[in-house]
Amino acid sequence: MYSLRMIPFLILVFLLSACTGNKAELYQEMTKIDAHVHIRTTDPAIMEYAASEGFKLLTINTRSNSQEDIDSQKDFAMKMKSLYPNEISWLATFSMENFEEAGWADGVIRKLQEDLDQGASGFKIWKDIGMTFQDSLGRFVLLDDPLFEPVLEFMEASGFPLLTHIGEPLNCWLPLDSMTVNGDKSYFKNHPEYHMYLHPDYPSHESLMQSRDQVLARYPGLKMIGAHLGSLEWDVDVLAERLDRYPNFTVDMAARVCHFQVQEPDKVRNFIIKYQDRILYATDAGVSEENVEDRIKWLENEWRSDWSYFATDSLMSSRNVEGEFMGLDLDEEVLRKIFYSNALAWYPGAFE
Ligand SMILES: [Zn+2]
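The opening residue of the sequence shown carries number 185 in the numbering used here; numbering runs sequentially from there.
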């Protein structure tokens, strides 16, 4: 039998499990949005799985080096949208092919307008702008280049939001042994061509951030979502400063939850509570014809462990993070915003 001395302990266990239980029920009952995925398949299994977990998806067309590749992504996105109109939406992107030719921007605008007419919910700009494309004089083309002015003016006037993936995690500019999360260490070890620490001739992290900031300042009517915590993932104070400076800026946390997990939990918790209207939940899952089953397993783990991190005060571990870390135990109102209503607000019309 239990001794009397154990009663306070048993009450504590009961209260803790009741609390975790309520949040588990909330996960089951709540509609959620994964606001940054890449779906290149029409396999119904992925949509069925997402629905069974209560997730809707925003699939994002990306990469700027090939119109053919963009068209193929758009094709998958439009087919999925027609099959699951309330469960999925998509963002359009544009090709940089022949960007120095006269009339390039007009062509981009024409195509983007066509994408909107065909149901796109906004636009995406990828990191190859800033980090890959160089003009005929060998200068890197950054987001604040005059080249993009007509395109950005069009985007602002359209009223549709722009998702920008500009730059990379700051780790990319650091030596491998100074990187803060295991995923970055292995990614940049395997992709030295993208490891900017090895390429001092490429634009600095700071200059890439400045190019994005210039655009935020120049187009205050353009609603911009900074993918991957706006590449300011290493310190919530730095990110907070940008959110304060630019009311038209918000961020998704695609593939960057681990960067919250390596920071001081109280600081991250206070940041999320303060900026609860400016943070969108997302994973960056890439699903193609070949990997649907694998990706479903991966998503099951991501969605559920991320939920535990944000919703409970569990002691957790992850392959990406050295040592253990505490869940943030956010309340229901905040969870509903970051997992759902912020995506509705920043991608209006996408899920209605
Ligand atoms: Zn992505």
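We put the CB at the ideal spot given by N, CA and C, even for glycine.
Please check the pair Ile463 and Ile522, which I expect to be a contact at CB under 8 Å, by giving their CB distance rounded to whole angstroms. Position 279 of the sequence shown, counted from the first residue, corresponds to residue 463. Position 338 of the sequence shown, counted from the first residue, corresponds to residue 522. Correct: roughly 5 Å between the Cβ atoms.
Whole alpha helix (DSSP H) elements within the stretch 288–316, 4-residue minimum: Considered as a whole, the stretch 288–316 harbours 288–301 and 312–315 as its complete alpha helix (DSSP H) runs of no fewer than 4 residues, in chain order.
Ser248, buried or exposed, once every other Cβ within 10 Å from all chains shown has been counted against 16: By 1-based counting over the sequence shown, the position of residue 248 is 64. Buried, because 16 or more other Cβ atoms sit within 10 Å of the Cβ of Ser248.
Go through its chain and collect everything with a Cβ distance to Asp468's Cβ below 6 Å, but skip five positions before and after it. As a position in the sequence shown, residue 468 is number 284, starting the count at 1. Excluding sequence neighbours, Asp468 sits near His220, Ala438 and Ala439.
Proximity winner among Val476, Tyr531 and Arg453, relative to Asp497 (alpha-carbon distances): The residue given as residue 497 occupies position 313 in the sequence shown. Selection Val476, Tyr531 and Arg453 evaluated against Asp497 yields Arg453 as nearest (Cα-Cα).
Should Leu406 be labelled buried (16 or more other beta-carbon atoms within 10 Å of its own) or exposed? Mapped onto the sequence shown, residue 406 falls at position 222. By the neighbour-count definition (other C-beta atoms within 10 Å, threshold 16), Leu406 is a buried residue.
Neighbourhood of Lys216 by C-beta, 6 Å cutoff - its chain only, sequence neighbours within 5 removed: As a first step, residue 216 must be located in the sequence shown, where it is residue number 32. Excluding sequence neighbours, Lys216 sits near Gly238, Phe239, Phe523 and Tyr524.
DSSP bridge partner residues for Thr243 (one or two, in chain order): What you label residue 243 is simply residue 59 of the sequence shown in a count that begins at 1. Per DSSP, the beta bridge partners of Thr243 are Val221 and Trp274.
What residue range does the beta strand (DSSP E) around Leu400 cover? Indexing the sequence shown from 1 puts residue 400 at position 216. No beta strand (DSSP E) holds Leu400; the alpha helix (DSSP H) holding it covers His389 to Arg402.
From this set, Trp274, Glu284, Leu514 and Leu275, which residue's C-alpha is nearest Leu331's C-alpha? Position 147 of the sequence shown, counted from the start, is the residue given in the question as residue 331. Taking the Cα of Leu331 as reference, the smallest distance to any Cα among Trp274, Glu284, Leu514 and Leu275 is reached at Glu284.
Suppose the cutoff is 6 Å on Cβ atoms and the five residues either side in sequence are ignored; what does the same chain contact list for Ala527 look like? By one-based count along the sequence shown, residue 527 stands at place 343. In the same chain as Ala527, and ignoring 5 residues on each side of it, the C-beta atoms closer than 6 Å to its own belong to Ile217, Ala219 and Leu464, in chain order.
Should His222 be listed as close to ligand 1, given that the test is whether its C-beta is under 8 Å from any heavy atom? The residue given as residue 222 occupies position 38 in the sequence shown. Short note on His222: C-beta closer than 8 Å to some heavy atom of ligand 1.
Tell me whether His349 counts as near ligand 1, meaning its Cβ is closer than 8 Å to at least one heavy atom of that ligand. Within the sequence shown, residue 349 is the residue found at index 165, counting from 1. Relative to ligand 1, the nearest heavy atom lies less than 8 Å away from the CB of His349.
Buried or exposed for His375, please, with buried defined as at least 16 other CB atoms from any protein chain shown within 10 angstroms of its CB. Mapped onto the sequence shown, residue 375 falls at position 191. Classification of His375: exposed, given that the 10 Å Cβ count is below 16.
Is it the case that the CB of Val277 approaches a heavy atom of ligand 1 more closely than 8 Å? Residue 277 sits at position 93 when you count from the first residue of the sequence shown. As written in the sequence, residue 277 is Thr, which differs from the Val given in the question. No, ligand 1 has no heavy atom inside 8 Å of this Cβ.
For Val435, which of helix, strand or coil comes out of DSSP? Taking the sequence shown and counting its residues from 1, one reaches residue 435 at position 251. DSSP places Val435 in strand when its eight states are reduced to three.
To the nearest angstrom, how far is it from the Cα of Met380 to the Cα of Cys356? Here residue 380 refers to the residue found at position 196 when the sequence shown is read from its first residue. Here residue 356 refers to the residue found at position 172 when the sequence shown is read from its first residue. When only Cα atoms are considered, Met380 and Cys356 end up about 6 Å apart.
Excluding five sequence neighbours on each side, which residues of the same chain lie with their C-beta closer than 7 Å to the C-beta of Arg520? Counted from its first residue, the sequence shown places residue 520 at position 336. Counting only Cβ-Cβ distances below 7 Å, and skipping sequence neighbours, we find Met214.
Ligand 1 heavy atom lying under 8 Å from the CB of Ile244: Looking up residue 244 in the sequence shown gives position 60. Taking 8 Å as the cut-off, the C-beta of Ile244 counts as close to a heavy atom of ligand 1.
Residue ranges of each beta strand (DSSP E) within the stretch 410–486, 3 or longer: DSSP runs (the beta strand (DSSP E)) wholly in the stretch 410–486: 433–436 and 470–472.
DSSP beta-bridge partners for Leu346? In the sequence shown, counting from the first residue as 1, residue 346 sits at position 162. Paired residues: Phe307 and Met408.
Span of the beta strand (DSSP E) around Phe372: The residue you call residue 372 lines up with position 188 of the sequence shown. For Phe372, no beta strand (DSSP E) segment is defined; the enclosing uninterrupted segment is the alpha helix (DSSP H) at Asn366 to Asn374.
Does the Cβ-Cβ distance between Ile480 and Ile230 come in under 9 Å? In the sequence shown, the residue the question calls residue 480 occupies position 296. In the sequence shown, the residue the question calls residue 230 occupies position 46. It is a contact, given that the beta carbons lie within the stated cut-off.
Near ligand 2: Asp468 beta-carbon under 8 Å from a heavy atom: Judged by which ligands are present, ligand 2 is missing from the structure shown, whose ligands are ligand 1.
Kindly indicate which three-state DSSP category Val505 falls into: helix, strand or coil? Here the question's residue 505 lines up with position 321 in the sequence shown. DSSP places Val505 within a strand segment (E or B) once states are collapsed to three.
Who are the near neighbours of Glu473 in its chain, counting only those whose CB is closer than 6 Å to its CB and skipping five residues on each side? Along the sequence shown, one-based indexing puts residue 473 at 289. Thr225, listed in sequence order.
Leaving out the 5 sequence neighbours to the left and right, which residues in its chain are closer than 8 Å to Ser391 when beta-carbon positions are compared? Position 207 of the sequence shown, counting from 1, holds the residue named residue 391. Same-chain partners within the cutoff: Leu326.
Selection from Val446, Val420 and Glu477 that minimises the alpha carbon distance to Tyr459: Residue mapping note: residue 459 aligns to position 275 of the sequence shown, counting from 1. Looking at Val446, Val420 and Glu477, the one whose alpha-carbon comes closest to that of Tyr459 is Val420.
Cβ-Cβ distance between Lys308 and Thr348 below 9 Å: Here the question's residue 308 lines up with position 124 in the sequence shown. Here the question's residue 348 lines up with position 164 in the sequence shown. Yes; because the gap between Cβ atoms is below 9 Å, this pair is in contact.
Would you list the one or two residues that DSSP bridges to Leu354? The residue you call residue 354 lines up with position 170 of the sequence shown. Residue pairing from DSSP leaves Leu354 without any beta-bridge partner.
Could you name the residues that DSSP lists as bridge partners for Leu499? Taking the sequence shown and counting its residues from 1, the one referred to as residue 499 is at position 315. Paired residues: Met510.
Suppose contacts are defined by Cβ-Cβ distances below 9 Å. Is Val505 in contact with Val446 by that definition? For the purposes of this step, residue 505 is taken as the residue at position 321 of the sequence shown. For the purposes of this step, residue 446 is taken as the residue at position 262 of the sequence shown. Val446 is positioned such that its CB atom lies closer than 9 Å to that of Val505.
Taking the alpha helix (DSSP H) that Phe260 falls in, what are its first and last residues? Against the sequence shown, residue 260 aligns to sequence position 76. Counting along the chain, the alpha helix (DSSP H) containing Phe260 begins and ends at Gln251 to Leu267.
Does the count of Cβ pairs from the stretch 501–516 and the stretch 257–264 closer than 8 Å reach three? No, they do not touch.
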